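Protein chains in written order, with numbering that gives the first Met the number 0: chain D, 0 to 408; chain V, 0 to 348. Here a beta-carbon is modelled for each residue, glycine too, at the ideal position from N, C-alpha and C. The model shown is predicted, which means the values in this text are computed figures rather than measured ones. Single-structure report; data block below.
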Amino acid sequence: MVWNPRDHDAPTRVVDLDHAATTRLRPEARSAMEPFLADRYGNPSGIHAAARDALRALDEARERVAGVLGCTPGEVVLTSGGTESDVHAVSGGMPPRPGVPVCAAAEHHAVLRTVEALDGRVVDVDAAGRVDLDALGGTLESLASADRGASVVSVALANNELGTVVDLEAVASVVRRTAPGVPLHTDAVQAAPWLDLRVRSAPASLVSVSGHKFGGPRGSGVLVVRGGVELRPLLPGGGQERGRRSGSVDVAGAVGLAAALEAASVERSTVVERVGGLRDRLVGRLLGADVGVRRTVEPTDGLEVLPNFAHVRVPGVEVEPLLYLLDEAGLRVASASSCSSGAHRASHVLEAVASAGAVVDGAALRLTLGPETTADDVDHAAEVVVGVVGYLLDRRSGGRTPAASGGRR
Amino acid sequence: MRVLVALSGGVDSSVAAAELVAAGHEVVGVTLRLWGGPSDRGCCSVADVEDARRVAAQLGLEHHVFDFAERFHASVVEPYVRAHADGRTPNPCVECNRSVKFDALLDRADLLGFDRLATGHHARIAWVEGRAHVARGADAAKDQSYVLHPLTAAAAGRVLFPVGDLGKDEVRRRARALGLRTAAKPDSQDTCFITASGGREAFLSERTGLHPGEVVDVDGAVVGRVDAVELVTIGQRRGLALAGGADRRYVVDVDVPARRVVVGPPERLQRGTVRLEQVAWNGPVPTGTVLVQTSAHGVAAPAVVASSDVDAGDAEVRWLRPRPRVAAGQSVVVYDGDVVRGGGVASAG
Chain D
0 MVWNPRDHDA
10 PTRVVDLDHA
20 ATTRLRPEAR
30 SAMEPFLADR
40 YGNPSGIHAA
50 ARDALRALDE
60 ARERVAGVLG
70 CTPGEVVLTS
80 GGTESDVHAV
90 SGGMPPRPGV
100 PVCAAAEHHA
110 VLRTVEALDG
120 RVVDVDAAGR
130 VDLDALGGTL
140 ESLASADRGA
150 SVVSVALANN
160 ELGTVVDLEA
170 VASVVRRTAP
180 GVPLHTDAVQ
190 AAPWLDLRVR
200 SAPASLVSVS
210 GHKFGGPRGS
220 GVLVVRGGVE
230 LRPLLPGGGQ
240 ERGRRSGSVD
250 VAGAVGLAAA
260 LEAASVERST
270 VVERVGGLRD
280 RLVGRLLGAD
290 VGVRRTVEPT
300 DGLEVLPNFA
310 HVRVPGVEVE
320 PLLYLLDEAG
330 LRVASASSCS
340 SGAHRASHVL
350 EAVASAGAVV
360 DGAALRLTLG
370 PETTADDVDH
380 AAEVVVGVVG
390 YLLDRRSGGR
400 TPAASGGRR
Chain V
0 MRVLVALSGG
10 VDSSVAAAEL
20 VAAGHEVVGV
30 TLRLWGGPSD
40 RGCCSVADVE
50 DARRVAAQLG
60 LEHHVFDFAE
70 RFHASVVEPY
80 VRAHADGRTP
90 NPCVECNRSV
100 KFDALLDRAD
110 LLGFDRLATG
120 HHARIAWVEG
130 RAHVARGADA
140 AKDQSYVLHP
150 LTAAAAGRVL
160 FPVGDLGKDE
170 VRRRARALGL
180 RTAAKPDSQD
190 TCFITASGGR
200 EAFLSERTGL
210 HPGEVVDVDG
220 AVVGRVDAVE
230 LVTIGQRRGL
240 ALAGGADRRY
250 VVDVDVPARR
260 VVVGPPERLQ
270 RGTVRLEQVA
280 WNGPVPTGTV
290 LVQTSAHGVA
300 APAVVASSDV
310 DAGDAEVRWL
320 RPRPRVAAGQ
330 SVVVYDGDVV
340 RGGGVASAG
């Protein structure tokens, strides 16, 4: 059915398919945090009873985080979120780690802009957004033979726009071969809720995670710094976090992040299967409707995509009116990455995959499911997208809406 | 009605939105992102978008940002640069209204299901024999009908100018009464994509060649030099650094390819007619005496439309009394009383 903005009142149903942007605080996180937002407000750096209480909670949170991420508690640096973790890992702190930082062209801006700011090198990706291993090896070899070697290699475990997963062990093996001793960093912000990081992030010695992507509080994050990797503080000061990150530690944030991460980890295997099935159902309905919706990344052998990601494009449709009308119809989605909100700019990820031969024309839609997404949500979302796209295509081919009939309201 | 109101972050569009809400319309606010380059005034700075968003929130409106930067660049900025390179004096606000606000944005409003597009322009809509026309706003000093002249009857019929009936003082009084944060904000002036610090010269020198030239008098004697012939406008008097002669001399001709500026006494500027191109009439070609305005803040002088080839889009306007020559590229707007009947741009020569 073709949707028409003139026939619709305010939506009766809202469906959130923008979980890659952020998520609702999980009940486990909320109840774990509540005591630390008021009564148990001690600063863990102090020595009195309230401080010791906070430190105990912090220690426990750190252990729980370490358990899910597969590292020791001492390797967990609590940060303000994914961006801080990325900037810290890539720069190496202040002053920056000597040498040339290297990343892939489809990295999150927190990594890409840091690499650019430090005059680093950006390596091409394939049509699915995964780093080109030959190009990476070539870049690292050429740096090794120059005066300044690589300082760090940063490759996200899963791309934050397309959801494509990288074989991190293969990346690590290229780094070991062409730049031995250079730390590998992975931005695991999108992957954290969906992949077992104990295994999947193990090849990296620096790992970024952000709390609010899996039901933790915003403003909480982790940088895993495995033993042996040198890191200066990005924020010098009172020397918290073993001197790696100063500032009074946000105990409530740490406790909330730990609770959410653990809850997500416990339910992961069942949720991944269910959400993956719903994602396939959504994509099937979008492609099956006759409105020209296409997958941005076509499935190929060996392609792994996060189970909650559906990235599609709609040729012949402008993205701005599409997003406006989807929002008006109660469907929350993103065009590319939500981090450069406001107006809609071309996505550097789509540009990067386009230069590797991917076809990216049309309006791009990133639909990302969450653990609470239902089959009804997915069916409704597909109906809305197909209806709105049908309307826009209809209008584009010269069809006019009937003059204001007063039928709305 | 469902009304999309364009909020620039200024006081006029803020009050326009408030008037629409008070009238009981279903209103949504939008701010256009037009210019990606540096700007320290006008309608696209981050601070202006923030003002627009806060005003929308005060009025209980949803607020969106639409990105029309590509369209703006292609239909306003590029022609602006080309016109200077050709020695014409363009009016980018007219082009923006023609191609961006009352074409692309109006189409967008329709596509999204809005019945009307509203802006904070000081102008009114007059219906003459069933056709909608742009007409002068109530505040003569703030009237913007000149820069709105390209609106077609179809466009004018889908547009609302809620502050067109108000004086500027009244607009500010209403903004204060509502506690809008834009109440005391200074009016935007000049070209929004040109910085006050660098000016036209810095903007154009990065995008097209600026060439020094000689200044000659009407007998051909060299009397001075200019740094950039592209920046000299017919009728200009200042900034020429002429040698000798305390007499009043004006630019009477600019020849960019020859890199030459001609100055002369004011009577050499006088013309009995002005030729127009890219002419569009809203309704039939006017007969009888009309009022013709040749700059945004100029006076309208009586004239007749001596001839008009509607298909070719050109026309000749004959002044009742001779008028100073109009620089090529300037918009020339024909009024019947306060009602815009059409317009075009002045031809060279």
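Three-way DSSP call (helix, strand, coil) for residue i in this model
{"i": "Ala295(V)", "result": "coil"}
{"i": "Ala155(V)", "result": "helix"}
{"i": "Gln329(V)", "result": "coil"}
{"i": "Pro323(V)", "result": "strand"}
{"i": "His62(V)", "result": "strand"}
{"i": "Asp216(V)", "result": "strand"}
{"i": "Gly45(D)", "result": "coil"}
{"i": "Arg280(D)", "result": "helix"}
{"i": "Ser340(D)", "result": "Confidence in Ser340(D) is poor, its pLDDT being 37 and thus under 50, which makes the residue's placement unreliable; the coordinate value appears in the next sentence. Looking at Ser340(D) - three-state DSSP - the assignment turns out to be coil, as it is neither helix nor strand."}
{"i": "Val309(V)", "result": "coil"}
{"i": "Ala57(V)", "result": "Residue 57(V) is actually Gln in this sequence, not Ala. Correct three-state label for Gln57(V): helix."}
{"i": "Cys102(D)", "result": "strand"}
{"i": "Leu169(D)", "result": "It is Ala, not Leu, that sits at residue 169(D) in the sequence shown. Of the three classes helix, strand and coil, the one that applies to Ala169(D) here is helix, per DSSP."}
{"i": "Gly236(D)", "result": "coil"}
{"i": "His379(D)", "result": "helix"}
{"i": "Val181(D)", "result": "coil"}
{"i": "Ser415(D)", "result": "The question about residue 415(D) has no answer here: the residues shown for chain D are numbered 0 through 408."}
{"i": "Pro89(V)", "result": "coil"}
{"i": "Gly92(D)", "result": "coil"}
{"i": "Thr11(D)", "result": "coil"}
{"i": "Ala131(V)", "result": "strand"}
{"i": "Pro78(V)", "result": "helix"}
{"i": "Cys42(V)", "result": "Residue placement at Cys42(V) is poorly supported in this model, since its pLDDT is 49, which falls under 50; the coordinates still yield a value, given next. Of the three classes helix, strand and coil, the one that applies to Cys42(V) here is coil, per DSSP."}
Residue i, buried or exposed, once every other Cβ within 10 Å from all chains shown has been counted against 16
{"i": "His18(D)", "result": "buried"}
{"i": "Ser307(V)", "result": "buried"}
{"i": "Pro4(D)", "result": "buried"}
{"i": "Val292(D)", "result": "buried"}
{"i": "Ser13(V)", "result": "buried"}
{"i": "Leu319(V)", "result": "exposed"}
{"i": "Ser153(D)", "result": "buried"}
{"i": "Arg395(D)", "result": "exposed"}
{"i": "Met93(D)", "result": "exposed"}
{"i": "Glu49(V)", "result": "exposed"}
{"i": "Ala345(V)", "result": "buried"}
{"i": "Ser268(D)", "result": "exposed"}
{"i": "Ala56(V)", "result": "exposed"}
Cβ-Cβ distance between residue i and residue j below 7 Å
{"i": "Pro186(D)", "j": "His107(D)", "result": "Sequence inspection shows Asp at residue 186(D); the Pro mentioned does not correspond to that position. Closer than 7 Å, so yes."}
{"i": "Val64(D)", "j": "Ser264(D)", "result": "no"}
{"i": "Gly119(V)", "j": "Val54(V)", "result": "no"}
{"i": "Gly236(D)", "j": "Gly220(D)", "result": "no"}
{"i": "Trp34(V)", "j": "Phe192(V)", "result": "yes"}
{"i": "Leu16(D)", "j": "Ala288(D)", "result": "no"}
{"i": "Val164(D)", "j": "Ala157(D)", "result": "yes"}
{"i": "Ala131(V)", "j": "Ala103(V)", "result": "no"}
{"i": "Arg206(V)", "j": "Val80(V)", "result": "yes"}
{"i": "Leu239(V)", "j": "Val278(V)", "result": "no"}
{"i": "Ala105(D)", "j": "Gly128(D)", "result": "yes"}
{"i": "Val99(V)", "j": "Phe67(V)", "result": "yes"}
{"i": "Val250(V)", "j": "Gln235(V)", "result": "yes"}
{"i": "Leu165(V)", "j": "Arg115(V)", "result": "no"}
{"i": "Gly218(D)", "j": "Gly80(D)", "result": "yes"}
{"i": "Arg87(V)", "j": "Ala327(V)", "result": "yes"}
>> Contact between the segment 169 to 176 of chain V and the segment 295 to 306 of chain V is defined here as three or more beta-carbon pairs at a separation below 8 Å; is this criterion met?
In response: no
> Which residues, taken in chain order from the segment 65 to 80 of chain V, show a beta carbon closer than 8 Å to some beta carbon of chain D?
Replying inline: Phe65, Asp66 and Ala68
> Listed from N- to C-terminal order along the chain, which residues in the segment 95 to 112 of chain V have their beta-carbon within a distance smaller than 9 Å of any beta-carbon of chain D?
Replying inline: Arg107, Asp109, Leu110, Leu111 and Gly112
> Listed in chain order, which residues of the segment 315 to 335 of chain D have Cβ atoms closer than 7 Å to some Cβ of chain V?
Replying inline: Glu319, Pro320, Tyr323 and Leu324
> Going along the chain, which residues of the segment 1 to 23 of chain D sit with their C-beta nearer than 7 Å to a C-beta in chain V?
Replying inline: Pro4 and Arg5
> With contact counted as at least three CB pairs below 8 Å, one residue from each stretch, are the segment 143 to 154 of chain V and the segment 173 to 182 of chain V in contact?
Replying inline: no
> Is it true that the segment 221 to 230 of chain D meets the segment 196 to 211 of chain D, where meeting means three or more beta-carbon pairs spaced less than 8 Å apart?
Replying inline: As far as the Cβ criterion goes, the segment 221 to 230 of chain D touches the segment 196 to 211 of chain D, which means the pair count is three or higher.
>> With a threshold of 8 Å, are at least 3 pairs of Cβ atoms found where one atom belongs to the segment 118 to 133 of chain D and the other to the segment 364 to 373 of chain D?
In response: Between the segment 118 to 133 of chain D and the segment 364 to 373 of chain D, the count of Cβ pairs shorter than 8 Å is below three; the stretches do not touch.
> Should the segment 321 to 336 of chain V be called in touch with the segment 281 to 291 of chain V, which here means at least 3 C-beta pairs below 8 Å?
Replying inline: yes
>> Pairs of beta-carbons, one from the segment 246 to 262 of chain V and one from the segment 220 to 233 of chain V, closer than 8 Å: are there three or more?
In response: Segments in contact, yes.
> Given a limit of 7 Å on CB to CB distance, which residues of the segment 385 to 399 of chain D reach chain V?
Replying inline: Arg394
> Using 8 Å as the Cβ pair cut-off and three pairs as the minimum, do the segment 314 to 324 of chain D and the segment 256 to 276 of chain D touch?
Replying inline: no
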